[in-house]
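Remarks on the structure that follows.
Numbering (our numbering), first residue to last: -17 to 202.
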């Protein structure tokens, strides 16, 4: 029987080469995907502001920050978060748990909202718990497995929130979280992007902006 130890250096070199090639391929894929999302978002950015700064956070996330946002926003940050394709085991684990490329819209408004609201799809990768066990929060029957809680039981306010959720859902590839807070960030939305080859970013951005306008109007 041949001495397997003599093959060990070759095996190690092969494994290192595979990992390095995977890392290079995964990094390149993420950068390509991130640039695709940024180009797609450009179609809707004029509805949010006129000047933006861009920075990559490693190879799996890119941050777009608007320095001159339009009303009703005081600050707007958009994060494009890609799957960790550059790390094989982490990518496999995350994907098995439902991780996909997603966008985070994180904003502060000119005026703080009057109510607070937390709507979560528990099947989403970046799930968050609702606040229905906290003082002042009431569980909301949202249906379709969605968990929701709010600091109000006003039917008009809740109907508006449901309409905003459904509208964003229709313009995206799926919405995981919608959070409205009286402290910054006032409005935060986690969602999967739609098919960027066929969908237009301005429809999604307009839905988010209209939600912000409604929150500011309610807080006036």
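Backbone N, C-alpha and C define an ideal beta-carbon position, used for all residues, glycine too.
Quantities reported herein were computed from a predicted structural model and do not represent experimental measurements.
Assigned exposure category for residue i - 16 Cβ within 10 Å defines buried
i, result
"residue 171", "buried"
"residue -12", "exposed"
"residue 6", "exposed"
"residue 147", "buried"
"residue 199", "exposed"
"residue 2", "exposed"
"residue -10", "exposed"
"residue 125", "exposed"
"residue 162", "buried"
"residue 19", "buried"
Distance CB(residue i)-CB(residue j) smaller than 9 angstroms
i, j, result
"residue 160", "residue 101", "yes"
"residue 67", "residue 120", "no"
"residue 43", "residue 26", "no"
"residue 52", "residue 183", "no"
"residue 169", "residue 91", "yes"
"residue 123", "residue 97", "no"
"residue 80", "residue 105", "yes"
"residue 151", "residue 130", "no"
Of the residues the options, the one placed nearest residue i, counting alpha carbons only
i, options, result
"residue 118", "134, 142, 105, 107", "134"
"residue 46", "116, 195, 137, 21", "21"
"residue 48", "39, 29, 64", "29"
"residue 38", "62, 50, 54", "62"
"residue 13", "70, 137, 83", "83"
"residue 71", "0, 95, 131, 40", "0"
"residue 64", "95, 94, 107, 50", "107"
Residue range of the unbroken beta strand (DSSP E) whose run includes residue i
i, result
"residue 128", "No beta strand (DSSP E) holds residue 128; DSSP gives it neither H nor E."
"residue 119", "Looking at the DSSP string, residue 119 is not in any beta strand (DSSP E), and its letter there is neither H nor E."
Enclosing alpha helix (DSSP H) for residue i [first to last residue]
i, result
"residue 74", "70 to 78"
Does the region 47 to 62 come into contact with the region 17 to 35, if we say contact requires no fewer than three beta-carbon pairs (one atom in each stretch) closer than 8 angstroms? yes
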